[in-house]
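In this note's numbering, the protein residues as written are 1 to 187. A virtual CB, placed ideally from N, CA and C, is assigned to each residue, including glycine. Treat the numbers as computed from the prediction; the structure is a model and nothing was measured. Beneath this line is the structure, given in structure tokens, with notes to follow.
Written out as structure tokens, the structure is:
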């Protein structure tokens, strides 16, 4: 049996009405995520570039086993879902190089201090897996004078409930574990 015939792609709603999470039964990335918010940057990834070829696509976030797609406002998901799912399935079946060669991305402003490492550990082990379930990602940007700065990506970047996720979820969790933290803000 041809392995490509076993490729499954299914759409799942997210808290953000403008994004859907397309789950796949394959590992796309071993770690981290790739976030594309425009066609120009998406050229570095065949998968992202092909998805941006669909007129209604505004953003693509690629995670371990999912692709979150952000649509243009006013676009009907009914017409878009089959296009996106088939494009993902066809590209995975092609066995072409879908992503740029793995790179080590610098962690901004982490001075190696214990607070930064604690923050990164909580993000990696608790927060990021939970946010990925909704088709998003959270990237540590920095810590200074009690303030943690984060990038919110995918479903999280423009979700109506992103402030609640940031303040009630992430900020509360980090403050409960790391007393030096006063506030968490989005970059």
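In terms of CA proximity to residue 78, 12 leads the group 12, 36, 118.
Per the DSSP secondary-structure output, residue 139 pairs in a beta bridge with 151. Judged by DSSP in its simplified three-state form, residue 48 adopts helix. The three-state secondary structure of residue 12, taken from DSSP, is strand.
Here the stretch 135 to 152 makes contact with the stretch 55 to 69; the two share three or more CB pairs at distances below 8 Å.
The stretch 122 to 133 and the stretch 167 to 183 touch, with no fewer than 3 CB-CB distances between them shorter than 8 Å. For residue 84, the closest of 95, 57, 39 by C-alpha to C-alpha distance is 57. Per the Cβ contact rule, the stretch 39 to 53 is not in contact with the stretch 144 to 152 (fewer than 3 Cβ pairs under 8 Å). Residue range 57 to 62 is occupied by the beta strand (DSSP E) that includes residue 62. Linking residue 150 to residue 166 through their CA atoms gives a straight-line distance of about 9 Å. For residue 90, the closest alpha carbon among the candidates 24, 14, 161, 175 is that of 24. By DSSP's assignment, residue 21 forms a beta bridge with 12, 68. With a contact defined as Cβ atoms closer than 8 Å, residue 7 and residue 92 qualify at about 5 Å. In the three-state reduction of the DSSP assignment, residue 34 falls in the strand class, which pools E and B. Taking residue 18 as reference, the option from 184, 59, 29, 26 with the minimal CA-CA separation is 59.
In this structure, residue 22 sits near residue 88, with a CB-CB distance shorter than 8 Å. Cβ-Cβ distances below 6 Å link residue 187 to 141, 149, 151 in the same chain, with the five nearest sequence neighbours on each side left out; the list follows chain order.
If you check the CB distance, residue 16 and residue 153 do not come in under 8 Å.
Within its own chain, the residues whose Cβ lies closer than 8 Å to the Cβ of residue 73, once the five positions on either side in sequence are excluded, are 18, listed in chain order. If you check the CB distance, residue 14 and residue 155 come in under 8 Å.
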